[in-house]
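Below is one structure; the comments refer to it alone.
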Amino acid sequence: MNLTHIPLDQLSVSPLNVRKHGGRDIAALAASIRSLGIIQPLLVRPSDDGFEVVAGQRRLRACQALAVEGECEPLPCLVMAEGDDAAALEASLAENLARLPMDEIDQYRAFAALRQQGRSVSEIAGQFGVTERLVEQRLAIANLYAPILAAYRREEIEPATLRILTMATKRQQKAWWQRFRDPEDYAPQGHALKSWLFGGHQIPVGNALFDPEAYEGAIVCDLFGDDRYFADTDSFWRLQSKAVAELKERYLSEGWSQVVLCETGDYWRSWEFAEVAKQDGGRVYLAVTADGEVTAHEGFLPEKEARRRQTVAEGAPDAPERPECTRSMQNYLNLHRHAAVRVALLSAPQVAQRLMLAHLIAGSHLWKVEADPLRSARDDIARSIADSPAHAVFRAERGAVARLLGMDEPDDSLVPRRGDWQARRPTFATLFARLLELSEPEAESVLVYLMAETLAVGSEAVETVGALLSVDMNDWWQPDNAFFDLLRDKEALNNMVAELAGCEVAEANCTATAKVQKGIMRDCLSGVRQPKAQSWLPGYMAFPMRGYTDRFHSDGDVPSPVESDIDLAA
């Protein structure tokens with residue numbers, strides 16, 4: 045069985061529903077669901093056009109009635125596996141839920157107590173038979189201002205409003221509470237509250253980390269209150285981003301291992317983090333709201349990482365932290381670097397000969413040789429490689445070598461790939477006889493090409509030869525859409541902006557979205573914006589390869605510098 049959330053329009057009542065009667069009077073149940081949400085998951089099984097509700101008909105009907113009044117969130121459902129007994133599962137759920145407090149606040153307190161004991165969200169959900177999402181929703185109540193909680197328990201605040209307030213900062217909650225208490229003022233609720241919290245149209249002067257005297261734009265005053273707002277949001281964000289960058293550097297200078305800048309507009313999900321002291325590797329997380337408020341959360345690690353570190357401390361093997369480059373990005377980089385190095389190798393026959401000898405001596409048993417399959421992790425990576433200049437040059441050389449050998453040019457490689465041994469190729473005797481007819485320069489060109497074709501993607505050989513031959517990736521590669529789409533690490537991205545557009549631009553945009561920062565890079569590369577660095581090349585494409593964070597590592601070992609007296613032009 046699997047516990048998940050399913051949209052209402054994908055649910056229908058099963059003919060085998062456990063409850064056969066009692067589905068009419070749902071008004072009270074609908075009121076309870078409007079207040080608390082669905083506590084007990086529906087029991088469902090897959091059908092041709094969605095899911096059939098085996099147990100939970102009244103809950104389904106109540107949600108359908110609520111949906112007429114407005115939007116209805118996906119419902120928590122327990123998806124049955126083949127052979128599951130519906131009655132037994134429902135009885136088990138009921139037994140677990142009997143231990144669950146029915147009040148939303150009491151549920152939070154019960155869950156929070158278990159969290160203090162070190163229980164994870166998934167463990168708490170399993171104990172009570174509820175979804176992880178419900179546990180997270182209740183734990184979010186920890187973020188609420190105490191007077192708001194008290195008013196909610198007095199039924200002065202609607203549940204929908206309370207849930208939205210869990211996403212607000214303490215400053216926003218207090219501001220909302222002052223409005224709520226004032227009979228002469230208006231406190232937005234429901235969807236209006238969400239717009240008020242996250243619209244970001246009004247930026248209070250009090251949110252500035254910088255000295256407001258540095259701001260040269262207009263400041264708007266509230267004639268009916270004491271609040272003042274920045275009229276020029278662009279100027280505010282330039283100054284605020286620089287101040288955030290300075291705050292980050294200050295924390296690092298104080299000895300914090302890492303300062304993480306959260307995505308602007310994301311709210312702080314405290315239940316996803318564990319408190320960890322600075323000396324134990326705790327980080328600082330800088331959360332920035334849509335209206336510019338910055339909150340520093342000192343001494344935290346993601347819960348999973350904190351548990352992993354605890355496991356390691358107890359003697360279990362360490363698990364790697366999140367790398368700077370995703371697997372797809374590493375695949376993209378490896379393929380482009382491999383394409384450029386093997387083209388460079390075509391012009392370095394003496395290096396190719398020695399590389400082949402190294403493969404022969406240090407290679408696998410019986411020197412089994414096959415062409416690299418050049419597998420792409422995604423379709424856009426495959427298109428990027430197919431369109432690369434290095435790929436075109438190598439394809440032309442393959443045709444020339446095939447003609448030397450009296451072969452039809454293959455679509456992919458001259459050397460067979462794994463599973464390709466039945467492809468039509470000349471017999472050994474025919475091929476050997478043809479090779480004997482070639483001149484030394486012709487035979488050498490065949491050898492060099494074959495060595496390049498059997499060079500392994502992402503290998504130490506690629507890194508070593510690329511550095512030895514001083515391969516300049518600017519000759520063979522330019523940042524394309526696939527590259528920008530694969531750039532995901534925000535810290536690395538901001539460091540690239542610093543290289544390309546300058547440190548001031550990077551600091552001014554450190555709180556900007558990845559989309560905005562990529563746009564700055566594109567503008568520099570296209571000439572719309574004056575770049576700081578001409579012929580810029582990311583560290584990922586340099587030889588030796590380098591990253592932008594301490595989390596960087598490449599697939600192939602970065603070799604020590606190799607020197608040679610060989611005339612590489614020979």
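Take any residue in the sequence shown, count from 1 to its spot, add 44: that is its number in my numbering.
For each residue, glycine too, the CB sits at the ideal point set by N, CA and C.
Residue i and residue j closer than 7 Å at C-beta
i	j	result
Pro-85	Pro-118	no
Val-288	Tyr-295	no
Val-501	His-382	yes
Asp-335	Ile-192	no
Ala-258	Leu-283	yes
Ala-106	Ile-70	yes
Ala-194	Ile-201	no
Val-320	Ala-350	yes
Glu-368	Arg-177	no
Gln-54	Gly-94	yes
Trp-240	Pro-232	yes
Ser-428	Asp-524	yes
Ile-425	Ala-550	no
Arg-89	Met-124	yes
Trp-521	His-380	yes
Tyr-621	Gln-217	Absent from the model: residue 621. The displayed extent of the chain is 45 to 614, so no value can be given.
Val-98	Leu-110	no
Arg-422	Leu-449	no
Ala-430	Ser-457	no
Among the options, the one whose alpha carbon lies nearest that of residue i
i	options	result
Asp-516	Glu-453, Phe-587 and Asp-533	Phe-587
Glu-342	Arg-366, Arg-352 and Gly-299	Gly-299
Ser-432	Val-385, Gln-233 and Val-112	Val-385
Arg-313	Arg-371, Ala-212 and Ala-415	Ala-212
Leu-399	Leu-499, Leu-449 and Lys-412	Leu-499
Arg-566	Glu-551, Met-585 and Ala-545	Ala-545
Val-445	Ala-434, Arg-461 and Glu-488	Glu-488
Ala-331	Gly-81, Ser-285, Arg-422 and Ala-550	Ser-285
Leu-183	Asp-524, Cys-568, Arg-207 and Gly-173	Arg-207
Arg-353	Asp-324, Leu-482, Pro-470 and Thr-333	Asp-324
Glu-486	Pro-90, Pro-393, Cys-547 and Trp-315	Pro-393
Thr-48	Ala-109, Leu-122 and Ser-58	Leu-122
Ala-252	Pro-203, Lys-238, Ala-204 and Thr-339	Thr-339
Met-585	Lys-562, Ala-219, Ser-514 and Ala-473	Ser-514
C-alpha gap between residue i and residue j, whole angstroms
i	j	result
Glu-96	Phe-438	56 Å
Ile-149	Ile-185	8 Å
Ala-236	Gly-250	23 Å
Arg-442	Arg-532	36 Å
Thr-210	Asn-187	6 Å
Glu-180	Phe-317	12 Å
His-597	Ala-169	36 Å
Thr-355	Trp-580	43 Å
Ala-440	Arg-447	11 Å
Gly-583	Tyr-592	8 Å
Ala-396	Glu-507	14 Å
His-409	Pro-417	Residue confidence is low: His-409 scores 47 on pLDDT, short of 50, so the model does not pin down where it sits. Its coordinate-derived value is still stated next. So the two alpha carbons sit approximately 20 Å from each other.
Gln-161	Glu-167	11 Å
Ala-154	Arg-461	60 Å
Glu-199	Pro-51	29 Å
Cys-547	Leu-158	46 Å
Asp-519	Ala-388	11 Å
Leu-537	Val-174	39 Å
Leu-73	Ser-56	18 Å
Ser-503	Val-165	41 Å
Asp-276	Gly-261	6 Å
Ser-76	Ser-420	52 Å
Leu-512	Met-589	13 Å
Leu-569	Ser-372	23 Å
Ser-297	Lys-322	13 Å
Minimum Cβ-Cβ distance from residue i to chain D less than 7 Å
i	result
Val-165	No chain D is part of this structure, which consists of one protein chain only.
Does the region 334–353 come close enough to the region 369–376 that 3 or more CB-CB pairs lie under 8 Å? no
Evaluate the contact criterion for the region 487–496 versus the region 573–587: three or more CB pairs, one atom per stretch, below 8 Å. no
Evaluate the contact criterion for the region 547–560 versus the region 307–318: three or more CB pairs, one atom per stretch, below 8 Å. yes
If you scan the region 175–244 from start to end, which runs of the alpha helix (DSSP H) of 4 or more residues do you find wholly inside it? 176–183, 190–197, 203–209, 214–225 and 234–242
Minimum length 3: unbroken beta strand (DSSP E) runs contained in the region 262–312: 263–265, 272–274 and 303–305
Complete runs of the alpha helix (DSSP H) confined to the region 412–471 [at least 4 residues]: 423–430 and 433–448
Every unbroken alpha helix (DSSP H) inside the region 463–537 [4 residues or more]: 472–481, 484–497, 504–512 and 525–530
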